[in-house]
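Some notes on the structure that comes next.
2 protein chains.
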Amino acid sequence: MANSRLRPVSKLREAGATAPAPWLDTIIRGDCVSRMEALPAGSVDAIFADPPYNLQLGGELHRPDQSRVDAVDDHWDQFESFAAYDAFTRAWLLAARRVLKPNGTLWVIGSYHNIFRVGAVMQDLGFWILNDVVWRKANPMPNFRGRRFQNAHETLIWASRDKEAKGYTFNYESMKAANDDLQMRSDWLFPICSGAERLKDEEGNKAHPTQKPEALLARVILSSTKPGDVVLDPFFGTGTTGAVAKRLGRHFVGIEREAAYIEAAEARIAAVEPLAAGTLAAAPSKRSEPRVPFASLVEAGLVQPGAELTDARGRWTAEVRADGTVAVGGEVASIHRLGAKVQGLEACNGWTFWHLRSGGALTLIDELRRRVREELARAGG
Amino acid sequence: MANSRLRPVSKLREAGATAPAPWLDTIIRGDCVSRMEALPAGSVDAIFADPPYNLQLGGELHRPDQSRVDAVDDHWDQFESFAAYDAFTRAWLLAARRVLKPNGTLWVIGSYHNIFRVGAVMQDLGFWILNDVVWRKANPMPNFRGRRFQNAHETLIWASRDKEAKGYTFNYESMKAANDDLQMRSDWLFPICSGAERLKDEEGNKAHPTQKPEALLARVILSSTKPGDVVLDPFFGTGTTGAVAKRLGRHFVGIEREAAYIEAAEARIAAVEPLAAGTLAAAPSKRSEPRVPFASLVEAGLVQPGAELTDARGRWTAEVRADGTVAVGGEVASIHRLGAKVQGLEACNGWTFWHLRSGGALTLIDELRRRVREELARAGG
DNA sequence: GGAACATGTGAATCCTGGA
DNA sequence: CTCCAGGATTCACATGTTC
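Protein chains in written order, with full-length UniProt numbering: chain A, 1 to 381; chain B, 1 to 381.
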């Protein structure tokens, strides 16, 4: 069955964990609102949503009750359709918010036809925008009439569930390391999905009108999820989110109404080979390294009580005490507080400020901390 | 008086036309809603609006060197709630719509804090969005805490008064000519306003916290207005819109509440020399080689996660990871850091150090980057 | 005089774990 | 929950100072 065929990353779960939910790594057929409502609350780590862009393009739009909104173009009905689109947006965003973990994040992609309405509703519902991100298309369709600028980008909104949610995943170091050691910006350049990547039906026509490039999804998933996380896509289409999630060692859940899209997505995802687990973990960050109190350096004998610490230029000197505090004049405090104090600053990272004089050379105490951490890693694994 | 001093382009009006309105090329002091309501309906060709962004900043923010970021905490950017901001937005957009000519267009600039709400209200009021345009900042402020993507762009919305308005001005040919004979795209690259262009007060502090670059306004005005047109700015600030409009042979009308901003704007605009009528062509757009993250090579499939990179002599080998970092032994870092590490150097250009082994041959990854750039080159700077 | 170095700054919704 | 404190975090320019 599709379920077992499409569950490639379940082996990533820890031994002894409970059985994975049956909906993991599957495509659920139906309306995304009711289907999300049927999932457990707080059960997914991230959501990527590519909702219908709007009715003005003649695309289909359904109200939450599944009735179809008629295409309209006069003024009153235009308001009607905006209101209907807002109601639809509100309904799926509410359901998405419920199924998201407290520290989960939501991505939505759209164009100027719909993204402003989506963003406003997101804010109204309590989502907290972290970034808006621009997908700059390397090869956008030209504007044929010459009456506007070439529409060369789409907009993504990245948001946490609440303003207060500070524990969301952002793989800052991965993004920075991959970008020539510069912070990843909010404007991303990718080609549109074409060529061999673009799914075709039997007649050679594109299987889905708005298939997104896998590179875009890869950036999204690599930046804001961890291996083994669950990524939900309520507008699954032909399954780009699922294919990329599987390749990157994440679980996926897809919701889609159209049987033809589901069929194409299942075949596509089944053909995806997950990457080896070793190539997947996010780049290490200092934040995730174990805490080492300065006292540990004293206890380990790397720094003797009574030793002198100085800053790089030797402008200030502090004396190390047996309990891991340091002293300047009568002042006794932590390496951080005292570093701030002598410089007249609010804060200071003592690890990267103070040096130990040994012989003629200065050794940054952060280097000594690194050695302690190496010892700890050898001992504890 | 300021009125006559600031009316430099009145000579552009056709011979035999009635006397120019007294508010042309002046700055009107007061609240923009009531002041726009006092202007004749259908009297301006274009509106550029840079409304308060409603930033909702929390506490203070410090750079890694502990210096304090000078935040926009002005009273005019404070709103009670999203509802209050929406009411404000609705009020000024309604007044703007009334004063706009039937074929006039409106530009609004904002960030993710406010632009979604503004765009939704614009659609609700009947404005018809022609494009959203992204101002990519060449030198944006970094994200200092490493918790989000660098916020490197702002968004502009360009809209006609009605869906039915087909006669709006869009200088397609001059935009195309300014862009190496390619259609002007919806993503524009400009530096932020700094250096000599940035207005300072007597003490040398910035005169306005959010002064926009003249190059941005020039692109806006050159693309969507004709010489002699009237450009209204309801949030005039220190008058960038007025200065650029005057220089480009357009009339302006500014509305501003703060006397200090008006004073600075009047002096600034008085010093502007209008360009000769024949020279009002669009400035060429800047182009530069796009930065290609190493991750893009992985995302593009040119380098597979798990692939091995070696230096030219095959002395060291590194494994490519899915997020665009590379690993040697337990060490995970960027191509540059790891290249430096294995050689025992301070720094290393990973692009010209690492090679991909494919078959028996070695390919420098810089060559792969060149291929990606060729693909992306059509995108422009 | 010019190169090298030091300092300042920009629309910013910018930390986290333990007691 | 709050409070407290450890300690992690920046890019492109412009301007000023030193050698």
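Even glycine gets a Cβ: it sits at the ideal position worked out from N, Cα and C.
What are the boundary residues of the alpha helix (DSSP H) that includes F88 of chain B?
-> Within the second sequence, residue 88 of chain B is the residue found at index 88, counting from 1. Per DSSP, the unbroken alpha helix (DSSP H) holding F88 of chain B starts and ends at F82 to V99.
Requested in this report: Run the CB neighbour count on M184 of chain A, radius 10 Å, all protein chains shown included, and call it buried at 16 or more, exposed below.
Outcome: For the purposes of this step, residue 184 of chain A is taken as residue 184 along the first sequence, with counting starting at 1. By the 10 Å Cβ count, M184 of chain A comes out buried.
Is L6 of chain A buried or exposed, if buried means 16 or more other CB atoms sit within 10 Å of its CB? Locating residue 6 of chain A in the first sequence gives position 6, where the first residue counts as 1. Any reading at L6 of chain A must be qualified, since the residue scores a pLDDT of 49, below 50, and its modelled position is unreliable; the value itself is stated next. L6 of chain A is buried by the Cβ-count criterion.
I'd like the list of long-range same chain contacts for W316 of chain B, defined as Cβ closer than 7 Å, with 5 residues on each side in sequence excluded. Taking the second sequence and counting its residues from 1, the one referred to as residue 316 of chain B is at position 316. Non-local C-beta neighbours of W316 of chain B in its own chain, meaning closer than 7 Å and more than five positions away in sequence, comprise T310, V328 and V342, ordered along the chain.
Checklist line | Where the beta strand (DSSP E) through T241 of chain A begins and ends | finding: Taking the first sequence and counting its residues from 1, one reaches residue 241 of chain A at position 241. Taken as a continuous stretch (DSSP letters only), T241 of chain A belongs to no beta strand (DSSP E), being part of the alpha helix (DSSP H) at T240 to R247.
Task: Contact under 7 Å by Cβ, F235 of chain B with P213 of chain B - done: Within the second sequence, the letter at position 235 stands for residue 235 of chain B. Within the second sequence, the letter at position 213 stands for residue 213 of chain B. No, Cβ-Cβ distance for F235 of chain B and P213 of chain B is not below 7 Å.
Give me, in chain order, the residues of the same chain whose beta-carbon lies closer than 8 Å to that of L368 of chain B; leave out the 5 immediate sequence neighbours on both sides.
For the purposes of this step, residue 368 of chain B is taken as the residue at position 368 of the second sequence. Excluding sequence neighbours, L368 of chain B sits near L297, L302, V303 and L356.
query: Between P274 of chain B and G249 of chain B, which are expected to be in contact by the criterion C-beta below 8 Å, what is the C-beta distance as a whole number of angstroms?
result: Along the second sequence, read from residue 1 onward, the residue named residue 274 of chain B stands at position 274. Along the second sequence, read from residue 1 onward, the residue named residue 249 of chain B stands at position 249. 6 Å between Cβ atoms; contact.
*Between the region 178 to 192 of chain A and chain B, which residues of the former have CB atoms less than 8 Å from a CB of the latter, in chain order?*
A178, N179, D180, D181, L182, Q183, M184, R185, S186, D187, L189, F190 and P191
- Message: Which residues in chain A have a C-beta closer than 8 Å to the C-beta of S334 of chain B? List them in chain order.
- Response: Sequence index remark: in the second sequence, residue 334 of chain B carries index 334 (1-based). Near S334 of chain B (Cβ distances below 8 Å), the residues of chain A are K176, A177, A178, D180 and D181.
- prompt: In chain A, what lies closer than 9 Å to I129 of chain B by C-beta?
  reply: Taking the second sequence and counting its residues from 1, one reaches residue 129 of chain B at position 129. Those within 9 Å of I129 of chain B in chain A are Y112, H113 and F116.
Query - Local Cβ density within 10 Å of P40 of chain B, reported as buried at 16 or more and exposed below that - result: Taking the second sequence and counting its residues from 1, one reaches residue 40 of chain B at position 40. When all chains shown are included, P40 of chain B counts as exposed.
Contact with chain B by A283 of chain A, beta-carbon distance below 7 Å: Working through the first sequence from its first residue, we reach residue 283 of chain A at position 283. Taking Cβ atoms only, chain B reaches closer than 7 Å to A283 of chain A, which makes this a yes.
Could you confirm whether any beta carbon from chain A is found closer than 7 Å to the beta carbon of P51 of chain B?
Here residue 51 of chain B refers to the residue found at position 51 of the second sequence. It does not: the Cβ of P51 of chain B has no partner Cβ on chain A nearer than 7 Å.
So the beta strand (DSSP E) D132 of chain A belongs to, where does it begin and stop? What you label residue 132 of chain A is simply residue 132 of the first sequence in a count that begins at 1. Counting along the chain, the beta strand (DSSP E) containing D132 of chain A begins and ends at W128 to K137.
On a Cα-Cα basis, can you pick out the residue from A:H113, A:L106, A:V118 and A:N349 that is closest to T89 of chain A? Residue 89 of chain A sits at position 89 when you count from the first residue of the first sequence. Residue A:V118 is the option with its Cα nearest to T89 of chain A.
- Using a Cβ cut-off of 9 Å, pull out every chain A residue sitting near Y261 of chain B, in sequence order please. As a first step, residue 261 of chain B is located in the second sequence; it is residue number 261 there, counting from the start. Ordered by position in chain A, no residue passes the 9 Å Cβ test against Y261 of chain B, which lies about 28 Å from the chain.
Between the region 88 to 107 of chain B and the region 138 to 151 of chain B, do three or more beta carbon pairs fall short of 8 Å?
no
Does any residue of chain A have a CB that is nearer than 7 Å to the CB of G376 of chain B?
By 1-based counting over the second sequence, the position of residue 376 of chain B is 376. For the sequence presented, residue 376 of chain B should be read as Leu rather than Gly. Yes, L376 of chain B lies at the interface with chain A (some Cβ there is under 7 Å from its Cβ).
From the DSSP secondary-structure annotation, give me the bridge partner or partners of W188 of chain A.
On the first sequence, residue 188 of chain A is found 188 positions in, with the first residue counted as 1. DSSP, once it has assigned bridges, lists A:W135 as partnering W188 of chain A.
Does any CB atom of chain A fall closer than 7 Å to the CB of N151 of chain B? Against the second sequence, residue 151 of chain B aligns to sequence position 151. So yes, N151 of chain B belongs to the interface.
Beta carbon proximity, P142 of chain B to chain A, threshold 7 Å: Residue 142 of chain B sits at position 142 when you count from the first residue of the second sequence. True, the Cβ-Cβ gap to chain A drops below 7 Å.
Taking DSSP as the reference, what is the three-state secondary structure of A300 of chain A? Residue numbering aside, residue 300 of chain A sits at position 300 when the first sequence is read from its first letter. Coil, per DSSP.
| field | Residues from the region 279 to 307 of chain A in contact with chain B, defined by Cβ distance under 9 Å | value | T279, L280, A281, A282, A283, P284, S285 and R287
In chain B, which residues lie with their C-beta within 7 Å of the C-beta of V133 of chain A?
Start at 1 with the first residue of the first sequence, and residue 133 of chain A comes out as number 133. Correct list: F149.
**Report entry** Of the residues A:D181, A:L130 and A:E154, the one placed nearest T169 of chain A, counting alpha carbons only
**Finding:** Numbered from its first residue, the first sequence carries residue 169 of chain A at position 169. Out of A:D181, A:L130 and A:E154, A:L130 has the C-alpha closest to the C-alpha of T169 of chain A.
- Message: I need the DSSP call for Q150 of chain B, collapsed to helix, strand or coil.
- Response: Residue mapping note: residue 150 of chain B aligns to position 150 of the second sequence, counting from 1. DSSP places Q150 of chain B in strand when its eight states are reduced to three.
At least three beta-carbon pairs within less than 8 Å, the region 29 to 37 of chain A to the region 90 to 100 of chain A
yes
Problem - Residue-chain proximity (Q123 of chain A, chain B), Cβ-Cβ < 7 Å - result: As a position in the first sequence, residue 123 of chain A is number 123, starting the count at 1. Yes - at least one Cβ of chain B is within 7 Å of the one on Q123 of chain A.
**Request:** Would you identify the three-state DSSP class for R361 of chain A, choosing helix, strand or coil?
**Result:** Along the first sequence, one-based indexing puts residue 361 of chain A at 361. Contrary to the premise, residue 361 of chain A reads as Ala rather than Arg in this sequence. The answer is strand: DSSP assigns A361 of chain A an E or B state.
- Return the CA-CA distance between A83 of chain B and D50 of chain A, expressed in angstroms with no decimal places. If you number the second sequence from 1, residue 83 of chain B lands on position 83. If you number the first sequence from 1, residue 50 of chain A lands on position 50. The alpha-carbon atoms of A83 of chain B and D50 of chain A are separated by roughly 27 Å.
* To do: Might you give, ordered along the chain, the residues of its own chain that have their beta carbon closer than 6 Å to the beta carbon of V230 of chain B, omitting 5 neighbours on each side?
  => Within the second sequence, residue 230 of chain B is the residue found at index 230, counting from 1. The answer, listed in chain order, is V44, D45 and H251.
#### Entry: Near the ligand ZN: F82 of chain B beta-carbon under 6 Å from a heavy atom
Although the ligand ZN was asked about, the structure shown includes no ligands whatsoever.
Quick test of your reading: L100 of chain B and I47 of chain B, contact by CB under 8 Å. State the CB separation rounded to the nearest angstrom. If you number the second sequence from 1, residue 100 of chain B lands on position 100. If you number the second sequence from 1, residue 47 of chain B lands on position 47. About 6 Å separates the two Cβ atoms, so the contact holds.
Bridge partners for E308 of chain A per DSSP, in chain order?
Here residue 308 of chain A corresponds to residue number 308 of the first sequence, with the count starting at 1. Per DSSP, A:E319.
So the beta strand (DSSP E) L232 of chain A belongs to, where does it begin and stop?
Here residue 232 of chain A refers to the residue found at position 232 when the first sequence is read from its first residue. That run of the beta strand (DSSP E) goes V230 to D233.
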